[in-house]
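Numbering (my numbering), first residue to last: 125 to 864.
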């Protein structure tokens, strides 16, 4: 691409530029800005290019520093975003500060923050910690993009709020256009009116990455496929001089290996390059920006890329300075732009659209704190994200609306087009004992609104070394009620290892099936209390090895009281917050038990960030049967990667225990957004005690030091670790699955 640029007849362009500047009959800017002297109107065209498009911010800053006016603006993709920001009246410096506040990894991953999810969606995320969700709506359907566009939509809604509905984009402080590709017609579509936020969202919808924008009978994706540098669009707006900004990219090394995604990305780049070349040849002035050392995903290098945009404009200073205004003219130009800005009114009502009336009513009630006061954008963003945290919506956004002479907020929700039913798959590789690695494959299927809004039928299926099914029907007493009932049933079979003096001597098979019924209250997104009864059949049968525990079978029944509170910020590896899960049971039956008995257990954790990459934590847990020993099959156990890592899973069986785990978390690096989140080093010291008169209980204080590296991937957390403990215990382990 760079070699093509060198063939541009710059001398001819320069001659055209001078002639246009001297043409006294050139019309004034069509925006009606009232310049007293006629001058050639200037249109700026900003190219798409992902992170490379941040260079346009530097170009705009240079234009303002050198008093170059912009009478028309147009762009595609990231160029459309930057051009749209400028057209709403933001200065180059304001745009610079704005983009610096954007968490690009969060925007590109578009993951609903754990804290903003409803309580049941938190349960889903903890038990199925991966990004591989799909639906069964009308058959097996997958999302139309890795990213629904919710987070980027909130950015655009904020910027475009004063200009929610425009008769024409000419009404903006700087007249503006952006381009998207319509997949239905196969044509480039120029947005010149309507919702500015939707237009910007459409031009940025990179195929397969962002979900497309659907409006009427059209499906919009990134305009760069057909017109990445819309020179003709600005020319048609009335610009006498068209200045185009071109983002240079590195050539492809044919000897470098390429992934499937890399081949796709490069193929799209080739298509885009063809339409770019034709547009560059039709521009009057071309500003090349030397971004070859960066890629379209290098958002972490935003400062350097913006600086390159400034330098690119500086290289064309000799040509561009001919369009500079003197101080008086520039002051007038800026004042006229300021006059065309629209003030942001105070909302007098909230209306929700895009979902069933009963659900819209509930959401509206939760948004009433936005009425009668200035818009709180951070708070409104959080509330929109909490709406998506319900699990039924892919996006939620806002704009201004007018009703009965009053201005208000119109919240538009978009339900997932592929669900419900929703499917969360499960991939488990359990290398707790790497000499006996176990595999499981499963899924959670969730059906919504069966028997009333807010009701859910949730079914878990798993097969492999563990196999079984569990199903629960969750029914709130009303859509807005915190109280619920939850009948459930289950059947499960899993291996149960038995150890003696640190050695695995037998493997049993534990079978459970039965059902239960709970009555509960969901206090908030963070807490739930349940009371109920469960009954079923349990058996423990030796498959291989030396008998250490007797085969046991019989009915199991207990009443339980369970409370969970979860204020952590991540389901896999929290950095801040606390979590506590407590449960009290009263058994009336248990295999081989000689009497009725109670049990109680609490598991808790506190996490505290001490720096950007580092956190400290303390996990504490304990359980007891309150001195009762005739319980049959032991109630509790210790051992495994998260419960004394140097010991085997279930190595310490007991009716009473405690365990403390102080530790340290350090973020090592960040993964690309499409692959996952972060890579962490996790270290902790573990000390506990399991005691009682059971043969497998241990009267010592077992302890160990544990070190693990955890990768947060789209498939779930991948952990490689090792631990060294007392009494010769040591283990290397690896897992794909939940860590904390």
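For every residue, glycine included, the Cβ atom is placed at its ideal position computed from N, Cα and C. Note that the coordinates shown come from a computational prediction; the quantities given were computed from them, not determined experimentally.
In the pairwise beta carbon analysis, the segment 524 to 542 is classified as touching the segment 265 to 275: at least three pairs are separated by under 8 Å. Assignment of residue 321 by DSSP, reduced to helix, strand and coil, places it in the helix class.
Within the same chain, and ignoring the five residues on either side of residue 412 in sequence, the residues whose Cβ sits closer than 7 Å to its Cβ are 129, 370, 372, 436. If you compare the alpha carbons of 186, 179, 560, 320 with that of residue 855, the shortest gap goes to 560.
CA-CA distance, residue 451 to residue 281, rounds to 34 Å. Cβ-Cβ distances below 6 Å link residue 808 to 785, 787, 830 in the same chain, with the five nearest sequence neighbours on each side left out; the list follows chain order.
Contact between the segment 310 to 318 and the segment 164 to 173 is absent: fewer than 3 CB-CB pairs across the two stretches fall below 8 Å. DSSP, read as helix, strand or coil, puts residue 852 in coil. Comparing C-alpha distances from residue 760 to each of 754, 777, 455, 750 shows the shortest one belongs to 777. Contact between the segment 798 to 808 and the segment 830 to 846 is present, with at least three C-beta pairs closer than 8 Å. Within 10 angstroms of the beta-carbon of residue 667 lie fewer than 16 other beta-carbons, which makes it exposed. A contact is defined here as three or more CB-CB pairs under 8 Å, and the segment 285 to 304 meets this definition with respect to the segment 461 to 479. When the alpha-carbon of residue 501 is set against those of 300, 522, 486, the nearest one is in 522.
By the Cβ rule, the segment 253 to 260 does not count as touching the segment 423 to 430, because fewer than three pairs are nearer than 8 Å.
In this structure, 249 is the residue among 243, 768, 249, 216 with its C-alpha nearest to the C-alpha of residue 840. Considered as a whole, the segment 485 to 560 harbours 517 to 527, 530 to 539, 546 to 555 as its complete beta strand (DSSP E) runs of no fewer than 3 residues, in chain order.
Exclusion of the five residues before and after residue 842 leaves 835, 860 as the residues of its chain whose Cβ lies within less than 6 Å of its Cβ.
When secondary structure is reduced to three states using DSSP, residue 220 falls in the helix class. Take the alpha-carbon of residue 495 and the one of residue 483: they are about 19 Å apart. A buried status is given to residue 304, since no fewer than 16 other beta-carbon atoms sit within 10 Å of its beta-carbon.
Annotation for residue 356: no beta strand (DSSP E) segment contains it, though the alpha helix (DSSP H) segment containing it runs 355 to 361. In the three-state reduction of the DSSP assignment, residue 737 falls in the coil class, being assigned neither a helical nor a strand state. Around the beta-carbon of residue 278, 16 or more other beta-carbon atoms lie within 10 Å, marking it buried. Between residue 193 and the set 705, 215, 177, the nearest pair of CA atoms involves 215.
Under the three-state reduction of DSSP output, residue 187 falls in the helix class.
Inclusion of residue 644 and residue 608 in the CB contact set at 8 Å is warranted, their separation being smaller than that value. With respect to residue 794, residue 227 sits apart: the two C-beta atoms are not nearer than 8 Å. For residue 594, the uninterrupted beta strand (DSSP E) segment begins and ends at 591 to 600. Linking residue 238 to residue 676 through their CA atoms gives a straight-line distance of about 41 Å. A direct Cα-Cα distance of roughly 14 Å separates residue 314 from residue 343. Where residue 281 is concerned, the enclosing alpha helix (DSSP H) starts and stops at 274 to 284. Linking residue 765 to residue 350 through their CA atoms gives a straight-line distance of about 52 Å. Beta-bridge analysis with DSSP links residue 166 to 365. Judged by beta-carbon spacing, residue 302 lies beyond the 8 Å limit of residue 225, meaning their Cβ atoms are not closer than that value.
Residue 775 and residue 755 have their C-alpha atoms some 18 Å from each other. Within the same chain, Cβ atoms closer than 7 Å to the Cβ of residue 688 are found at 651, 652, 705, the five residues on either side in sequence being excluded.
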